[in-house]
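Peer 1: If you scroll down you'll find the structure; I have some questions about it.
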Amino acid sequence: MLDLWLVLVLSAAGYLALALFLATRSNRTLDSDEQHTLSTGDGWTLTLERYRPASDAPRHPTPVVLAHGLCMNGVSWALSRRASIPKALADQGHDVWIAAYRGERSATSPHGSSVRARFQYGLDDHAFQDVPAIIEAVREHTGSERVNWVGHSMGGILIYLYASRFGCDHLGRVVTLSSPVVYGDLGGALRPLLPIATRLLGWQCRAPLRRHFIYLLPLALFLPWISSAFAMHLPNTTVRERLTLFRGAVEDVSWQLLNWFFLHPTNGITTLFESGQPGLDRMTAPLLVVGSTGDRLAPVPSVRPGFDLAGATEKRWLLYGDEAQMGPSFGHSDLASSAPAVQWLLPEIVAWLEDRQNHSQTEHPQASAVEGH
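Heads up: the sequence shown begins at 36 in my numbering, then just goes up one per residue.
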């Protein structure tokens, strides 16, 4: 019996040591050119990471904001150098700004540094406080009247909500990547676990994801299905990139925000905009909506209505996935940062932002799209 306990203790110690070692090996930071700060209307201090356009590339006049998804930070756009969307955009002459939201480690609350002070916020605070401040700061720094916006997951939802309240006067061209506007089916295989987690931990205002994800690092290395459960298409990413996602890109968030996404009471499919308030018809900026049949967290039926309901007269629906026979399959996270995303998706984003006719369908004939005007 003593031998068994000794084996268990040594195994646990070894696992913890491996987790801590992997955490130090995968804690990537952004290699941006500049870091700026901004203040929101309610007093939060947020950061912006800037990638200046390459000096040897034709410069494009409208800056691009990259807005990451739920529980993530800007590292989720650049899990490695080969998979870096911001670096690839800057290399093609775009002035790239990576947004950060309240609650992230880089943000400062006006109410102090306690957990309660930092994690009392919801989706409306991100959309109606953080996003306007981000847009205004980028406009002020660059002198541009408008900004282009590329939002992954929640980053796309936020610009939908922003447009529904403030309109699109300061928006140039918009891209949303796996951004659901109906939330009845969100969460995939993880959804049944969330009510249990809320009952156990919901009394806290913070969901301590960053600390808990450290313990998943060895499992993500030796049991790839762990990464797959978090909506990564494994062939698109390396082991190091998956470890970086778990460690370097994950942020703690408020339970209030998590509950809004995964535990909000619904009757069938309920859209974000059925409250009688102005809705997606106010999204009039030119809009590219991207989905993937391989995305298990934001399935196509939850993403497609963003295209259907948007009021833009110039809009495009682009779908990837093996089942649709349209280019490579993407999971949720690797749509924002992976070598296939740089190879396949980035040319479509660049073509859209630069308002090229016919985009790049001739370059990638398998990645077909439906045009809507």
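Note that the Cβ used here is the ideal one computed from N, Cα and C, for glycine as well.
#1: What is the residue span of the beta strand (DSSP E) that residue 186 lies within?
#2: Which same chain residues end up closer than 7 Å to residue 345 when comparing Cβ atoms and leaving out the 5 residues on each side of it in sequence?
#3: Following the continuous alpha helix (DSSP H) through residue 76, name the residue where it begins and the one where it ends.
#4: Might you give, ordered along the chain, the residues of its own chain that have their beta carbon closer than 7 Å to the beta carbon of residue 90, omitting 5 neighbours on each side?
#5: How is the alpha helix (DSSP H) around residue 134 delimited, first residue to last?
#6: For residue 165, which option in 285, 107, 79, 370 has the closest C-alpha, if you only look at C-alpha atoms?
#7: Can you check whether the CB of residue 372 is closer than 7 Å to the CB of residue 134?
#8: Which same chain residues end up closer than 6 Å to residue 369 when comparing Cβ atoms and leaving out the 5 residues on each side of it in sequence?
#9: Judging by CA-CA distance, which residue of 388, 348, 342 is the nearest neighbour of residue 354?
#10: Just mark residue 303 as buried or exposed, buried being the case when its beta carbon has 16 or more other beta carbons within 10 Å.
#11: Do residue 68 and residue 85 have their CB atoms nearer than 7 Å?
#12: Among residues of its own chain, excluding the 5 on either side of residue 70, which ones have a beta-carbon nearer than 8 Å to its beta-carbon?
#13: Please list the terminal residues of the continuous alpha helix (DSSP H) segment that includes residue 153.
#14: Under a three-way DSSP split, which group does residue 288 fall into?
#15: With a threshold of 7 Å on Cβ separation, who are the neighbours of residue 141 within its own chain once the five nearest residues in sequence on each side are excluded?
#16: Assuming residue 352 contacts residue 324 (C-beta within less than 8 Å), just tell me the rounded distance between them.
#17: Any chance the stretch 279-295 sits against the stretch 176-183, with 3 or more Cβ pairs inside 8 Å?
#18: Can residue 374 and residue 118 be called in contact, C-beta distance under 7 Å?
#19: Measure from the alpha carbon of residue 281 to the alpha carbon of each residue in 156, 110, 65, 99, then state which is nearest.
#20: Mapping DSSP to helix, strand and coil, what is residue 85?
Peer 2: Put simply:
#1: 182-187
#2: 315, 318, 322
#3: Where residue 76 is concerned, there is no enclosing alpha helix (DSSP H), given that its DSSP letter is neither H nor E.
#4: none
#5: No alpha helix (DSSP H) holds residue 134; the beta strand (DSSP E) holding it covers 131-134.
#6: 79
#7: no
#8: 267, 268, 271, 272
#9: 342
#10: Any reading at residue 303 must be qualified, since the residue scores a pLDDT of 31, below 50, and its modelled position is unreliable; the value itself is stated next. Under this definition residue 303 is an exposed residue.
#11: yes
#12: 82, 83, 84, 85
#13: 150-153
#14: strand
#15: 82, 135
#16: 5 Å
#17: no
#18: yes
#19: 110
#20: strand
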